[in-house]
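Peer 1: Going by the working numbering, the letters in the sequence shown line up with residues 6 to 416, in that order.
What follows is a structure written as C-alpha cells; I'll ask about it next.
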Amino acid sequence: MKNYNYLLIPLLFAMQFYSQPQGCTDVLAQNYNTSAVVNNGSCTYAQATVFPDTTVQLPGVVSETSGLALWNGYLYTHNDSNDSSLYALDTLTASVNQIIALPGVVNYDWEDITHDSEYFYIGDFGNNANGNRQNLRIIKVRKSSLSDLTPEIDYINFTYSNQTDFTPAGGNNTNFDCEAFIATQDSLYLFTKQWLSRQTSVYALPKTAGSYSAELKTTYNVDGLITGAAYIEDKKLIVLIGYSTLLQPFFYLLYDFNGNDFFSGNKRKVNISAPFHQTEGITTTDGLHYFVSNERFMQAPFVNVQPKLGYYDLSAFFENYLSEADLGSQTNSKDAVMLYPNPTDGTLHIVLRDDTLSTGFEITDMAGKTVMKGTLRSKDSVIDISALQDGVYMFSIDTYKGKAWRLVKES
C-alpha cells in the first residue's frame, strides 16, 4: 500500500491557517478587528499627511537625481540621463564625497538604484519617451570593485512578458515605464510607472546576468505614478514613493504581506506635504526613517522647485508593527509572553518564559501614555485591568526592551 501521509501535511497546515479568524490586524486601521489572527489585507486607513523633518539642497551635479541607496554611511545616487556616474553623498549635508565613474556604461534612462550585500543594481529601464524601448536593462555592479575604482559590471537585459506592441506611443503615454525596483535574496522585483492606468504592476527577474522575459506577478491600483522603492526584507516592509498627475507626492506603505505577494498585506497611502516636488529616490535602514530625493522641477513663471534631499520620520505608521516584527525575529512571541484571555474584560493572565521569572511590566495606551505598571514575580501572574477603559493597549516587559504585545480590553 502506498503511503499518502505526506500529502496530508500541507493540507493540515492550510486547514489550520484558514480556520484562524481572518481580518484586519493593524491597530492603526479604521476597521481593526480585535478577533483577527490572520491578516487578510482588508485594512483601511484614514487620510494622513507627513512633513519632512529636514531638507537640504542637493548639489547641482545631481539635479536629476533619480534613485537613492544607503550603503557604508553614504547615500548613493545618480542622474537619469547623460551621466554614467554614481555619487556618494553625505547624509547630513548632501555634499558629494565621491564620484564613481562606470567606464563604458551608457545611461539611456537610469531611474532607480537598489542593492544587496554584494551588488548595486541600477535600473536603466525608463521608458516614458515612447513606451517602446527594446534595450531595457539593469546594470549590476559589484560593490567590492568600487574601492579600487575598477568597477566590475554586468547586465540583466529584459523585456516585459506581456508587451507585444512596440509602436511608438508618444511621451508619457505607456503602462510600460518603470522607475522603482527592489532586490530580494534571489530576485529583482520591478514596480512599473503606469501613465495611462495610474496603477503599478510587479514584475520579477533573476539577479544573475543574462537576457530574460520579466514575469508579471500582479497589478494594483495605487492611483498615482510610482517612482521609487525601499525594502526591508526580514520585516516584510516596502515603502513606495511617487506622485499624482498634479505632482502631489506620496508614500505608499506595504507591510505584513505574505512572501513576495507584496500587496497581500496592509496598504496605506500617505501624502507628503511638498507640492510640485518630483520625488524620485527613497531609502532606509531601519524602516522608520527615510531619505527622499526630488529632482529639479520648473514650470514658469511660478514654480521653481530645487533638487533636495528630505528626511522623513514614519515611526507613527510603523513603530508598533516593527516592534512586533523585531520580537518575532528574536524569539517566538508565544514562547516569550502569553496573554490570555485576549481580549479580556478585566482579569489578565501573563505567562512568561522559564528564564523570565521576575520582571517589570507596563501597559500603555495607543498615544503612548502609561496606564498601568508593576512587577511580575512569577512565571504565571494574574493582574486586574478592569479599571481600564475599553480599547487597545500595548503590553511590555522590561526583559524585552522596545518590544510590545497587543492587548485588548473589552467589557
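Ideal Cβ positions, reconstructed from N, Cα and C, are used throughout, including at glycine.
1. Using three-state DSSP, classify Ser328 as helix, strand or coil.
2. Taking the alpha carbon of Glu415 as the point to measure from, which residue in Tyr398, Asp403 and Thr404 has its own alpha carbon closest?
3. According to DSSP, is Tyr113 helix, strand or coil?
4. Report all residues from its chain with a CB closer than 6 Å to the CB of Ala235; omit the five preceding and five following residues, and keep chain order.
5. Is Ala321 helix, strand or coil when you go by DSSP?
6. How many Å lie between Gly78 and Phe255 at the Cα?
7. Please name the residue in Asp266, Tyr326, Lys222 and Ala279 whose C-alpha comes closest to that of Tyr248.
8. Give me the DSSP bridge partner(s) of Arg411.
9. Mind checking if Phe163 is an interface residue toward chain B, Cβ cutoff 8 Å exclusive?
10. In three-state terms, what does DSSP make of Tyr316?
11. Measuring CA to CA, which of Asp114, Lys274, Ile402 and Gly215 is closest to Tyr50?
12. Thinking Ile187 and Thr119 are a contact (beta carbons under 8 Å), I'd like their distance in whole angstroms, please.
13. Taking the beta carbon of Arg382 as the centre, do at least 16 other beta carbons fall within 10 Å, making it buried, or is it exposed?
14. Residues bridged to Asn132 by DSSP?
15. Using the DSSP secondary-structure output, state which residues sit across from Leu193 in a beta bridge.
16. Alpha carbon to alpha carbon, how far is Thr98 from Ile104? Give it in angstroms, no decimals.
17. With a cut-off of 8 Å, do at least 3 Cβ pairs link the region 163 to 181 to the region 63 to 83?
Peer 2: The answer reads as follows:
1. Working through the sequence shown from its first residue, we reach residue 328 at position 323. Helix.
2. As a working note, residue 415 is residue 410 in the sequence shown. Of Tyr398, Asp403 and Thr404, the residue nearest in Cα terms is Tyr398.
3. As a first step, residue 113 is located in the sequence shown; it is residue number 108 there, counting from the start. Tyr113 falls in the coil class under three-state DSSP.
4. Position 230 of the sequence shown, counted from the start, is the residue given in the question as residue 235. Closer than 6 Å at the Cβ level, and outside the excluded window around Ala235, lie Val244, Ile287, Thr288 and Thr289.
5. Here residue 321 corresponds to residue number 316 of the sequence shown, with the count starting at 1. Looking at Ala321 - three-state DSSP - the assignment turns out to be helix.
6. Taking the first residue of the sequence shown as 1, we reach residue 78 at position 73. Taking the first residue of the sequence shown as 1, we reach residue 255 at position 250. Rounded to whole angstroms, Gly78 to Phe255 spans 26 Å at the Cα level.
7. Locating residue 248 in the sequence shown gives position 243, counting from the first residue. The shortest Cα separation from Tyr248 among Asp266, Tyr326, Lys222 and Ala279 belongs to Ala279.
8. On the sequence shown, position 406 is the one that residue 411 refers to. Partner(s): Met399.
9. In the structure shown, chain B cannot be found, because there is only a single protein chain.
10. As a position in the sequence shown, residue 316 is number 311, starting the count at 1. It is a strand residue.
11. One-based indexing of the sequence shown puts residue 50 at position 45. Ranking Asp114, Lys274, Ile402 and Gly215 by Cα distance to Tyr50 puts Lys274 first.
12. Numbered from its first residue, the sequence shown carries residue 187 at position 182. Numbered from its first residue, the sequence shown carries residue 119 at position 114. At roughly 6 Å, the Cβ-Cβ gap stays under 8 Å, so Ile187 and Thr119 are in contact.
13. Numbered from its first residue, the sequence shown carries residue 382 at position 377. Arg382 is exposed by the Cβ-count criterion.
14. Residue 132 sits at position 127 when you count from the first residue of the sequence shown. DSSP, once it has assigned bridges, lists no residue as partnering Asn132.
15. Residue 193 sits at position 188 when you count from the first residue of the sequence shown. In DSSP, Leu193 forms a bridge with Ala188 and Leu210.
16. Walking along the sequence shown from the start, residue 104 turns up at place 99. Walking along the sequence shown from the start, residue 98 turns up at place 93. So the alpha carbons of these two residues sit roughly 16 Å apart.
17. no
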